[in-house]
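Each residue of the sequence shown is one higher than the last, beginning at 473 in this note's numbering.
Worksheet: the structure to be examined is printed underneath.
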Amino acid sequence: MTSLWLDGAPVTPRAPLDADLTVDAAIVGGGIAGIATAYALAREGASVAVLERGELAEGASGRNAGFVLGGVAENYVAACRALGADRATRVFRFTFANRVLFRSAIRMHKIDCDAAWNGSDQLAGDDAEWREIAESARQLAGHGVRVRLEAAERKAVYDEDGEIHPVHFVRGLADAAEALGVRIHTGTTVVSCGPAEALTPSATVRAGAVVLCTNAYTRHLAPTRVRPVRGQICATAPIARRVFARPTYAHRGLRYWRQLPAGNVLVGGWRDTAVDEEVGEGDGTSDRIQTQLDAWLAAQGVEAPVTHRWGGTMGFSHDGLPYIGKAADGIYRCGGFTGHGQGYAMAAGELVSALIRTGQHPDADLFDPDRA
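Quick look at the structure:
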């Protein structure tokens, strides 16, 4: 079954590439990372071509929950423990900048994507997580983050987070990129690439830089440490009552849900209950996960029928942070978002753009594709 976002979403017809082309940058992949990178480059005057094998946002970009959150999937205290305090703080600030870029693009280009900025809930799954969530909120408040604790529900509310219709956003941003001169070719499969060219069955694109925004599928074109991991979601028909005020991340990001403006309730996750099964490339669903999503809906008193069930292939990195930048083979990478792509993508596009144009960005070291 297709995702709620892709079901009926308008598609702008775009021609496959059928002739050789020379550009400043060739972007492989027409999801949020690819379109954000193309947009960032075009704003600086670069000539750009995006090559997408299907339609825009058909992969993970059209199969997620539509959250635009600051931070990483885990809480700040856990991130400091894993990454070190300085590195974690820099990563969080990077994602806060990403959120600003989302809002700016939506406003500037009047992208109709049901954007709402009502914050998000970070909900504890156990006592240990609650202690970390509470301490994270206190520390981040000291950094100027707008966050409040609701101890009775054992959650932190991050007031600056938001939610979108992810397919409408990507396709709206693509329209804005095209207006800036970006060439977008859908139905165009890249079969091989190098630092200065991308080959399709019918044409060659020569470029000053080649950027793989292919996330879980990068291994088909270049060496990578990105692992394909599946996530599953379901969504109900609309209900009249508001059950959830804002998007929620729970159990260290392994459970998540939201209610759409129309009233549909969307819930996903539970991958940790079937770790060995939820791997590889594939957008199908399993009874093992979907029955747990159904049980959760019933426990919340949501009686509307489920109208959509879907899976999506995410790209996981070795340390939880994405790979963004120029790899040792000379090809740029922008992927491995570990299920948190919308938390990074707009800022990631800016980072890649800066590296291609100037060779420098203050956060390049955080996401170096060849880091240990």
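Note that beta-carbon positions come from the ideal geometry of N, C-alpha and C, so glycine has one too.
Counting C-beta pairs closer than 8 Å gives three or more between the segment 704 to 723 and the segment 595 to 602, which meets the contact rule. CA-CA distance, Ser608 to Asn547, rounds to 6 Å.
As DSSP reads the structure, Lys627 sits in a beta bridge with Leu595, Glu622.
Here the C-alpha atom of Val483 lies approximately 8 Å from the C-alpha atom of Arg643. In the same chain as His657, and ignoring 5 residues on each side of it, the C-beta atoms closer than 8 Å to its own belong to Arg486, Ala487, Pro488, Leu489, Ala521, Val522, Leu523, Glu524, in chain order.
Within the same chain, and ignoring the five residues on either side of His637 in sequence, the residues whose Cβ sits closer than 7 Å to its Cβ are Trp477, Gly538, Cys585, Asp586. Per DSSP, the beta bridge partners of Glu635 are Phe539, Ala588. Burial is judged here by how many other beta carbons sit within 10 angstroms of a residue's own beta carbon; Asn536 has at least 16 and is buried.
The Cβ-Cβ distance between Pro700 and Gly802 does not fall below 7 Å. Judged by DSSP in its simplified three-state form, Arg718 adopts coil rather than helix or strand.
The alpha-carbon of Ala651 is positioned some 28 Å away from that of Asp633. Val663 sits close to Leu671, with the two beta carbons spaced by under 7 Å. Per DSSP, the continuous beta strand (DSSP E) segment holding Cys806 begins and ends at 804 to 807. Only residues of its own chain outside the window of five on either side were considered, and among them Ala746 have a CB closer than 6 Å to the CB of Arg760, listed in chain order.
Taking one beta carbon from each stretch, the segment 696 to 710 and the segment 775 to 786 have 3 or more pairs nearer than 8 Å; the two touch.
For the set Thr830, Arg843, Gly821, the Cα lying nearest the Cα of Ala512 is the one of Gly821. Rounded to the nearest angstrom, the Cβ distance from Gly542 to Tyr630 is 6 Å, consistent with a contact under 8 Å. In this structure Gly503 is not in contact with Ala481, their Cβ atoms being roughly 14 Å apart against a cut-off of 8 Å. When DSSP states are grouped into helix, strand and coil, His692 belongs to the helix group. Taking 8 Å as the upper bound for CB-CB distance, Gly787 and Ala694 are not in contact here, some 13 Å apart.
As computed with DSSP, Thr708 is found in a beta bridge with Val778. Only exposed fits Met580, as fewer than 16 other CB atoms lie within 10 angstroms of its CB.
Annotation for Leu769: the continuous alpha helix (DSSP H) segment containing it runs 759 to 771.
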